[in-house]
Amino acid sequence: MQATGLPWLAVTIVGPVHQLQIINPSRNTPAHIVEIPKSHSGGVQSMIWDKKTKNLYLATLNYLLVWKPSSPTQITILGNVPGATTIYDLQLDSQGTVWGGTYPLGAAFKYLPKTKKIDVFQRVATDTDYVRRVAVDSNDDVWLGTGSRNPRVFRFSTKNPQKITEIPLPEPKRAGFVTSLEAVGGSIVVSIDNVSGQLLLNPKTNSWVGSVDRVWSGRKLSAVNPATKQFYNVSDGQLFATSSSTWQDQLVGKLSASAPLAIYATSSQVVVVSSNKTGLQIEVFRLSSKSVQLVSTVALARGQFVVQSLMSHSDGNIYVGGYMGHGITAVNPDTGKHWTSPSEQNAINQIEGMIEFNAQKTYVGSYGSADVVRLNSNAKNNPEGYQRLVRLATDYEQSRIFAWAKNSKHVFFGTVPEYGRSGGVLGAIDPRTDEVSWVLDGDGEGFIRHHSITGLVADEKYIYGTTSVRNGYGLADTEGNAKVFKLDIATKMVSWSVAPIANCGALYAPKLLAGWLLVADLEGVSVLDPVSGKLLKKHRLTNSRNTSYRPGWKNADLVVVVENQGKAVHTAAGTTTAIDFDSGTLATIGSPQLKSQFGTRLTVTNSGRVFANVEKTAIAELDLQPIASQPKKPSA
């Protein structure tokens with residue numbers, strides 16, 4: 002605490018650099034910027050401050066780490082949680098023990114600072130892979146919120162973690178998450194996906210006793226004041242004081258922040274931290290005057306987003322979507338000039354895939370509600386230029402749109418389902434009206450039953466697609482092999498659906514070339530007869546096997562460089578290959594044995610220039626005729 006009464010802040014940002022920034026609110030730049038070793042591309046999943054020991058505990062991937070003010074430039078790895086890939090929602094009990102949730106273990110773990118030991122407990126339920134939310138109440142009972150199937154609440158005592166009590170939701174849900182979980186006064190406050198407001202749970206009886214209908218923005222709230230039994234929260238830019246015993250609200254005043262990141266209260270003031278274009282905004286609300294006394298801003302050190310999607314555009318730019326990003330950016334490969342969508346647009350978040358229909362219209366798939374967004378290129382600097390056409394999560398329980406295709410009249414999309422669900426949908430957009438013309442969901446089972454749609458290509462009469470047996474997170478893969486399908490656009494009837502490759506759970510990036518249908522997998526490129534779906538040839542291009550990895554949604558990519566020249570580029574498993582089908586030759590551009598390796602995102606310009614993601618945050622143009630390569634025939 003400084004003389005101003007403002008707390009220092011620990012801030013984490015998305016990306017592989019500058020993940021932890023320590024803020025002195027009296028300065029307009031960070032006091033310390035710390036890189037996180039072994040970091041997740043999304044940065045830090047959770048952190049908790051122990052004011053007694055002055056330890057800041059952090060989680061990234063399955064690693065538990067600690068930062069100390071006494072060594073402000075260092076991060077220490079305390080250990081990892083065996084069997085977990087992700088750690089969620091760190092909390093402390095009264096003894097300073099750290100508790101957290103895990104995926105895919107579906108279990109809680111604890112870290113005891115005295116012994117420096119991490120213990121993992123039993124899975125709370127057989128149908129639970131996620132424990133995303135954790136709370137510890139005043140009696141040192143641990144509360145867990147789960148998903149993605151059958152979300153509900155569990156509890157146990159810190160003295161006996163093996164004795165777990167299950168508490169179903171008042172209205173059970175087939176899929177979704179407990180999105181927030183707080184011990185507030187004598188109640189447990191629970192938020193659920195797609196349920197407005199907050200539910201109240203009585204911990205003495207393990208029964209649901211009501212709800213708070215007014216939504217707390219971001220589900221953020223201050224600690225309860227022991228003297229007044231009140232806590233503070235924000236809704237629509239208004240600050241409220243809420244009683245933790247009666248749950249009655251008192252309007253305190255107005256703020257400029259509508260989406261708080263943190264709320265800190267004393268007996269005389271409330272500090273609300275929110276984000277702005279350059280970093281943080283800190284508002285100090287004086288309770289005696291019922292007004293904002295001070296507004297200060299802090300410019301955070303810039304981070305970097307990991308490349309999640311690429312698209313070349315007829316305007317000469319390469320458009321990019323970032324992992325856990327908000328909006329869309331572009332770079333001109335010749336001038337290096339950058340452009341980014343306005344921060345005020347609220348339609349586009351993480352982009353899994355996108356497609357240009359013409360110079361005026363681009364369609365984007367925004368995760369995590371499978372939103373179809375139309376970008377008006379003539380108004381791309383105006384928030385009004387971004388229009389959400391449909392939210393596929395609402396009516397079809399879909400999560401992501403990886404697959405896009407077009408012909409002269411329509412744009413087509415294919416999806417991956419929501420967490421805990423199986424079966425993607427196939428849909429069409431009429432660009433003349435920007436309306437979704439139709440969606441095929443197989444009566445809720447998926448267009449291709451219990452398969453995700455990973456790739457599409459279309460001509461004027463047919464849509465060709467590829468699938469993956471990978472379902473939404475938290476659900477096991479569908480048994481069997483990935484499929485390739487052909488749909489008659491006019492009749493919406495499937496002409497054929499085949500599984501051409503044995504022991505292959507995912508196929509990607511279908512392309513039409515010289516009367517052939519090409520599809521990609523981890524091993525290489527397969528050539529199919531588009532009339533019958535018959536496998537004609539398989540070209541092995543990598544040293545990997547499809548069985549080496551769990552089927553995914555974008556683990557390989559394929560682009561046709563110049564259609565009338567029979568050239569294509571395939572990338573998977575760190576190996577990128579330029580293929581000339583006309584001459585029967587190929588050249589390896591990148592591989593684990595070479596200095597350069599590229600990712601699984603490719604895009605090609607109208608002139609035949611190919612770009613790929615490289616080193617997580619960068620884009621490279623591929624040299625399709627390496628001087629050092631010796632042409633050789635593709636191997637079967």
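Residues in the sequence shown are numbered consecutively from 2, following this note's numbering. For every residue, glycine included, the Cβ atom is placed at its ideal position computed from N, Cα and C.
Take residue i as the anchor and find which of the options has the nearest alpha-carbon.
i	options	result
Arg433	Gly443, Lys362, Phe403 and Arg389	Lys362
Pro17	Ser27, Pro38 and Asn25	Pro38
Lys381	Ala371, Gly567, Tyr320 and Asn408	Tyr320
Val190	Ser197, Val196 and Ser181	Ser181
Ala406	Tyr397, Tyr89, Tyr420 and Pro511	Pro511
Val35	Pro73, His41, Thr61 and Asp558	Pro73
Gly84	Arg124, Gln399 and Phe306	Arg124
Thr206	Met494, Gln231 and Glu167	Glu167
Leu623	Val611, Phe178, Asp435 and Lys111	Val611
His33	Gly585, Ser47, Leu10 and Phe157	Leu10
Ala371	Glu385, Ala360 and Thr395	Thr395
Ser527	Leu559, Thr548, Asp142 and Trp209	Leu559
Gly386	Leu393, Tyr364, Arg392 and Trp554	Tyr364
Pro152	Gly177, Pro31, Thr492 and Ser297	Gly177
Arg175	Ser246, Asp128, Cys505 and Val495	Asp128
Pro70	Leu79, Gly80, Leu62 and Asn56	Asn56
Leu476	Ile464, Trp497, Tyr465 and Glu419	Glu419
Leu106	Gln346, Ala126, Pro31 and Ala557	Ala126
Trp217	Glu183, Ala613 and Gln22	Glu183
Leu256	Ala507, Ile620 and Val296	Val296
Counting only the same chain and skipping the five closest in sequence on each side, list residues whose C-beta sits under 6 Å from that of residue i.
i	result
Ser139	none
Phe122	Ala108, Ala109 and Pro162
Gly591	Thr577, Ser597, Gln598 and Phe599
Ile580	Ala569 and Leu587
Gly219	Ala260 and Pro261
Ser192	Thr180, Ser181, Gln199 and Arg220
Gly456	Ala404, Thr467, Tyr509, Ala510 and Pro511
Val15	Gly43, Gly44 and Met325
Ala637	Confidence is the limiting factor: at Ala637 the pLDDT is only 47, short of 50, which leaves the residue's position unreliable, though a coordinate-based value still follows. Excluding sequence neighbours, Ala637 sits near nothing in its chain.
His19	Ile34, Ala302 and Gly304
His327	Asn350
Arg389	Ala348, Asp372 and Val374
Ser438	Ala429 and Asp431
Arg287	Gln270 and Gln294
Gly263	The question names Gly, but residue 263 is Ala in the sequence shown. For Ala263, where only same-chain residues beyond five positions count, the Cβ hits under 6 Å are Val274.
Ser95	Asp141
Phe414	Ile402, Trp405 and Gly428
Let's see if you can read the secondary structure: which residues bound the beta strand (DSSP E) around residue i?
i	result
Ala394	Per DSSP, Ala394 belongs to no beta strand (DSSP E); it is in the alpha helix (DSSP H), Leu393 to Tyr397.
Asp120	Lys118 to Val121
Lys339	For the sequence presented, residue 339 should be read as His rather than Lys. Where His339 is concerned, the enclosing beta strand (DSSP E) stretches over His339 to Thr341.
Trp209	Ser208 to Val213
Phe414	Val412 to Pro418
Ala613	Val611 to Val615
Ser498	Met494 to Val499
Val67	Tyr64 to Trp68
Thr243	Gln239 to Ser244
His540	Leu536 to Arg541
Glu284	Gly280 to Arg287
Leu91	Thr87 to Leu93
Tyr58	Asn56 to Thr61
Val191	Ser188 to Ile193
Thr606	From DSSP, Thr606 is part of no beta strand (DSSP E); its letter is neither H nor E.
Lys111	Ala109 to Leu113
His33	His33 to Val35
Got a sec? Which residues, its chain only, sit under 7 Å from residue i by beta carbon, not counting five neighbours each side?
i	result
Leu93	Ile49, Asp51, Val99 and Val137
Asn607	Ser315
Asp460	Asn408 and Leu513
Gly97	Asp51, Lys53, Thr54 and Pro114
Asp237	Ser259
Gln594	none
Leu543	Reading the sequence as shown, one finds Thr at residue 543 and not Leu. These residues qualify, in order along the chain: Leu523, Glu524, Gly525, Ala573, Ala574 and Thr576.
Ile449	Thr468, Lys484, Phe486 and Ser498
Pull up the DSSP beta-bridge partners for residue i, would you.
i	result
Leu136	Rather than Leu, the amino acid found at residue 136 in this sequence is Ala. DSSP, once it has assigned bridges, lists Trp144 as partnering Ala136.
Phe306	According to DSSP, which records beta bridges pairwise, Phe306 is partnered with nothing at all.
Using a Cβ-Cβ cutoff of less than 8 Å, which residues in the same chain neighbour residue i once the five nearest sequence positions on both sides are dropped?
i	result
Phe241	Arg215, Tyr233, Asn234, Val235, Asp250, Gln251, Leu252 and Val253
Leu7	Pro26, Ser27, Val272, Ile283 and Val285
Tyr89	Gln46, Ser47, Ala60, Gly101, Gly102, Thr103, Tyr104, Tyr131, Val132, Arg133, Arg134 and Val135
Closer than 7 Å to a non-hydrogen atom of the ligand ADP - does that hold for the CB of residue i?
i	result
Val154	As far as ligands go, the structure on display features none, and thus does not contain the ligand ADP.
*Assess, as a yes-or-no matter, whether the stretch 414–429 is touched by the stretch 439–452 under the definition of 3 or more beta carbon pairs within less than 8 Å.*
Yes: at least three Cβ pairs fall under 8 Å.
*Counting Cβ pairs closer than 8 Å, one from the stretch 280–291 and one from the stretch 307–314, do we hit at least three?*
Contact check between the stretch 280–291 and the stretch 307–314: fewer than three CB pairs, one atom from each, fall below 8 Å, which does not count as touching.
*Between the stretch 481–498 and the stretch 519–539, are three or more C-beta pairs nearer than 8 Å?*
Taking a contact to require three or more Cβ pairs closer than 8 Å, the stretch 481–498 and the stretch 519–539 qualify as touching.
_Check whether the stretch 325–338 and the stretch 55–72 touch, using three or more Cβ-Cβ pairs below 8 Å as the test._
Between the stretch 325–338 and the stretch 55–72, the count of Cβ pairs shorter than 8 Å is below three; the stretches do not touch.
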